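Chains Z and G, in that order, give the protein sequences.
Residue numbers for the first sequence follow the numbering used here, so the first one is 38 and each next one is one higher.
Residue numbers for the second sequence follow the numbering used here, so the first one is 38 and each next one is one higher.
Cβ atoms here follow ideal geometry from the backbone N, Cα and C, with glycine treated the same way.
Small disclaimer: the values here were computed from a predicted structure and weren't measured.
Number of protein chains: 2
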Amino acid sequence: MAAQKPSIPRGTRDFGPEQMEKRNFLLDTIKATFRKFGFQQLETPTMENLSVLMGKYGDEGDQLLFKVLNSGDYLKSSKEDDFHQGSKHMLKKVSEKGLRYDLTVPFARYVVMNRGTLTFPFKRFQIQPVWRADRPQKGRYREFYQCDADVVGTDSLICEAEIVSMMNEVLDNLKVSDFTIKINNRKILTGIAEAVGQEGKEAELCVAIDKLDKIGLEKVQEELMQQRGFSQESVAALQPIFEVSGSNAEKLSVLKEILKGSEVGLKGVEELEEVLKYVDLFGLANPRVELDVTLARGLSYYTGAIFEVKVNNVQIGSISGGGRYDNLTGVFGMEGMSGVGFSFGVDRIYDVMEELELWPVGTTQSTAVMFVNFDEQSQNYCLPLLQRLRNEGVSAEIYPQSVKMKKQMTYANNKAIPFVVLAGSNEIEAQKYTLKNMESGEQSVISADELIAKVKGL
Amino acid sequence: MAAQKPSIPRGTRDFGPEQMEKRNFLLDTIKATFRKFGFQQLETPTMENLSVLMGKYGDEGDQLLFKVLNSGDYLKSSKEDDFHQGSKHMLKKVSEKGLRYDLTVPFARYVVMNRGTLTFPFKRFQIQPVWRADRPQKGRYREFYQCDADVVGTDSLICEAEIVSMMNEVLDNLKVSDFTIKINNRKILTGIAEAVGQEGKEAELCVAIDKLDKIGLEKVQEELMQQRGFSQESVAALQPIFEVSGSNAEKLSVLKEILKGSEVGLKGVEELEEVLKYVDLFGLANPRVELDVTLARGLSYYTGAIFEVKVNNVQIGSISGGGRYDNLTGVFGMEGMSGVGFSFGVDRIYDVMEELELWPVGTTQSTAVMFVNFDEQSQNYCLPLLQRLRNEGVSAEIYPQSVKMKKQMTYANNKAIPFVVLAGSNEIEAQKYTLKNMESGEQSVISADELIAKVKGL
């Protein structure tokens, strides 16, 4: 076979050693927090049956699913006529599996399949790649990780407060210090539509609201009247809502006034108050929660709290979001499974860490000590100590061949190895080792025990 | 849409919380060892171009690849004639990507694509799922994890000794105490074929040797003569090889005698001696390495050392294996990239841990402390301490609703939570908490500080 120049599919990525170290740091930080809050990990298969996936993400989602050809003679169930009816028709004949598109549908499927044995409330987290046949562009990949945590089987608002606490803890641990956790409640949005006489139109309202930042208040008002069928009175009645400001408590009291005629709206306010009370009781040092009446996402899905986290002063979308839903598993015939969940945008948080240079010193350093390989005698002298270091939990390696010193040092530098051990005939005669600190350049001639003591605490 | 009973594709698995905890323990143990030896992690995309995958695993492998349909109108490049020419012909028109089949080809592809920037010797490990459209059966899945470590860009035999050391360390840390690391060298097999006058026939020889355990010496001899074209003299000359026994040193000295006329055979013996010398210098407490002249695997690929690890007294195949190769990247036009690698059979090791009940106590326990939720007052009294525990690194949760005590205790039991905190009006009045040890049943009424001190060291 002729040799070929290999490549990877568009929109996919290799993660090399340095990226992996950073990604591991990021994901380990998130996982540690999930675990501390009692969440348990789940992994589902990469391929799901198309019967599970199709129809769950809208027509566009169905298009964006990667479908897997049936194995073997995949055309065996197709007739010429199927071929002529085209791709969409023939799909059923040639493919019955697709790649995971998100983590929510597989989670719902898992809950339905295991409802008899799971312990509810079920707190699960899941960190796995998903695939979408989107057109690749900067920051948008065809394979990317999602990182979800959900509690299902309870409508306790403590769960909402715990989500705030987890968002806070993860970002604190990552040293992302300047962020805002925005919170709203779907019922408040419903109530607002009611209160301005546009009952049931919160979707239209929210689409317009969503553009506030981008096009400004006047254009939004124009759009509501001209394209969304809102009356002038409704738009006027909305004015105080857009202008709500001050502390969360101040905003809530304004909302109570505006929503006083809407039962569902007041319920939303009450829920939000309860969540904020729990956040208070947790006593977070600096919870950074901000009620944002214009926060609207997942309207086809969320029924209670809505969350979103933004990093201030960094030009990037939200890095985390979520909300409460009341019917996770209805599509699979199991009604009434309510829950609340959120996810971290791992790729975006990675980019924030890069931009703000937040990776802790040593993140990309894997080996602590490298033994230089002078010659066979030196090498054999070093091997027992190498093993002793490893037994002590120190990551260590020996350059495997006695090549030029410069090459070995370059290797140590490229791998960001902080300590190098040299043992020539002088050291061997004295039964010592020269330990070189690669950053300071400092060298000391010490015994094996001293060397171990020196590098062990790193 | 009508509700449907969901399922997962044949040969795939969900990993629920308990399995994930066990799998994490297993993989974390392996990763920690890889890192300690200076190996760095790599992750490659799930989908590779079919041009990268096809032709690398033989015809059967090509068949077993899962192929992904081109997105959008996947039939757009196909004509009626293509359809009539059948599945194999039409594949080129409808699919250009497939799912990763192993970790070696993607690794080779990565090395070729990044040869300009990688630091050699490059020590990489990779733990990711792979997919094969094999017929599913007990212990054989269509999605399963592989776990590989390789050093490429050096032919130093220290690397072989380090592999022995890593296998040893991982299994020791997993408490799999009764195992054997079998080692052989491809050159010895070549030499044996030469020495018995059947030069170039080591493949035939090995296929027969491989059956020694199953069908016995006589049947193997019969097969060699009747099906593999070995002369009676060759088979007679093989006799002492099958009978080699004793310590590794004793076996090596017998081999030297048998192979004295074969240059390549003696080279193999010399390499093996050097590897065993390094293993000795590492001073492993109990290296469990056994030279096995009948060990033959990866003959189309391995050129030097060959490894295999078996757990004694457990009916399961090898749990780890590997070897040295001298041309990782030739298929991609980059010659002379030699290396040595090995892999752990994660599913099999998992099964061994299950069978021998080797999981450490607490492996499947994720939450250390659960607060019982009596009523609103009790709940609100507990929230600040809950957060304090988490701040101290203790995984803790509160049952989110004040349901019946029995239900809450069942939840704690199902999650294997070792400590439960109860705080009713008496405790609140005294500003104390009742801490209950779920295993011993022991209860004590203590202050917040005492409680933290008690559960923190777990």
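Any idea what DSSP makes of residue i, helix, strand or coil?
i         : result
Gly302(Z) : helix
Met38(Z)  : Confidence at Met38(Z) is low in this model, with a pLDDT of 47, below 50, so its placement is unreliable and the value that follows should be read with caution. Three-state DSSP puts Met38(Z) in coil, outside helix and strand.
Leu136(Z) : strand
Ile454(Z) : coil
Phe71(Z)  : helix
Tyr470(Z) : strand
Thr340(G) : strand
Asn86(Z)  : strand
Glu80(Z)  : strand
Ile483(Z) : strand
Lys160(G) : strand
Leu313(G) : helix
Ile45(G)  : coil
Asp51(Z)  : coil
Pro143(G) : helix
Val167(G) : strand
Asp247(G) : coil
Gly37(G)  : In the structure as shown, chain G starts at 38 and stops at 495, and residue 37(G) therefore has no counterpart that could be examined.
Met407(Z) : strand
Am I right that residue i and residue j are in contact with their C-beta atoms under 8 Å? What's the rounded C-beta distance?
i         : j         : result
Ser380(G) : Gly359(G) : 6 Å
Ala449(Z) : Val457(Z) : 5 Å
Leu296(G) : Leu303(G) : 5 Å
Leu309(Z) : Leu328(Z) : 7 Å
Val89(Z)  : Arg146(Z) : 5 Å
Leu249(G) : Asn285(G) : Leu249(G) to Asn285(G), Cβ: 19 Å. No contact.
Ala322(G) : Ile220(G) : So it is not a contact: roughly 18 Å between Cβ atoms.
With a threshold of 6 Å on Cβ separation, who are the neighbours of residue i within its own chain once the five nearest residues in sequence on each side are excluded?
i         : result
Pro158(G) : Val188, Gly190 and Thr191
Phe319(Z) : Ser202
Ile465(Z) : Tyr418
Val383(G) : Tyr182 and Cys184
Lys104(Z) : Ser132 and Gly135
Gln163(G) : Leu79, Leu140 and Asp185
Lys347(G) : Thr217 and Ser355
Glu311(Z) : Leu194
Cutting at 8 Å between CB atoms, please list the residues of its own chain near residue i, excluding the five before and the five after it.
i         : result
Phe120(Z) : Met127
Thr401(G) : Pro54, Glu55, Glu58, Lys59 and Ala453
Val316(G) : Ala198, Val201, Ser202, Pro324 and Val326
Val351(Z) : Val389, Glu392 and Leu393
Nearest-angstrom Cα distance between residue i and residue j?
i         : j         : result
Tyr436(G) : Glu231(Z) : 35 Å
Val482(Z) : Tyr470(Z) : 5 Å
Met407(Z) : Gln56(Z)  : 22 Å
Lys27(G)  : Glu180(Z) : Any answer about residue 27(G) is impossible in this case: the structure gives chain G only from 38 up to 495.
Ser114(Z) : Val131(Z) : 7 Å
Thr366(G) : Thr141(G) : 10 Å
Arg325(Z) : Ile218(Z) : 6 Å
Gly478(Z) : Glu429(Z) : 25 Å
Asn205(G) : Arg385(G) : 16 Å
Ala245(Z) : Ala273(Z) : 15 Å
Glu280(Z) : Glu391(Z) : 36 Å
Lys415(Z) : Ile195(G) : It should be pointed out that residue 415(Z) corresponds to Ser in this sequence rather than to Lys. Approximately 13 Å between the Cα atoms of the pair.
Thr404(Z) : Trp396(Z) : 17 Å
Ala240(Z) : Leu336(Z) : 7 Å
Val291(G) : Gly228(G) : 13 Å
Val148(G) : Gly98(G)  : 22 Å
Comparing the CB of residue i with every heavy atom of the ligand PLP, is any distance shorter than 6 Å?
i         : result
Leu112(Z) : For the structure depicted, the ligand PLP is absent and the ligand set is empty, with no information on it obtainable.
What residues in its chain sit with their C-beta under 7 Å from that of residue i, if we drop five residues either side in the sequence?
i         : result
Tyr339(Z) : Arg223, Gly360, Arg361 and Tyr362
Pro166(Z) : Glu180, Phe181 and Tyr182
Asn107(G) : Val131, Ser132 and Glu133
Glu287(Z) : none
Is residue i close to chain A, meaning its C-beta is less than 7 Å from at least one C-beta of that chain?
i        : result
Met57(Z) : Among the protein chains in the structure shown, which are Z and G, there is no chain A.
Chain-ordered residues of the region 74-89 of chain G with a beta carbon less than 9 Å from chain Z: Phe74, Gly75, Phe76, Gln77, Gln78, Leu79, Glu80, Thr81, Pro82, Thr83, Met84, Glu85, Asn86, Ser88 and Val89
Residues, ordered as in the chain, of the region 317-336 of chain Z that lie near chain G by beta-carbon distance below 8 Å: Leu318, Phe319, Gly320 and Leu321
Against chain Z: residues of the region 460-474 of chain G by CB proximity under 7 Å: none
Interfacial residues, the region 123-150 of chain Z to chain G, with Cβ spacing under 7 Å: Gly123, Ser124, Met127, Ser132, Lys134, Arg146, Tyr147, Val149 and Met150
Chain G contacts made by the region 201-231 of chain Z, where a contact means CB separation under 9 Å: Ser202 and Glu206
Within 7 Å of chain Z by C-beta, residues of the region 268-280 of chain G in sequence order: none
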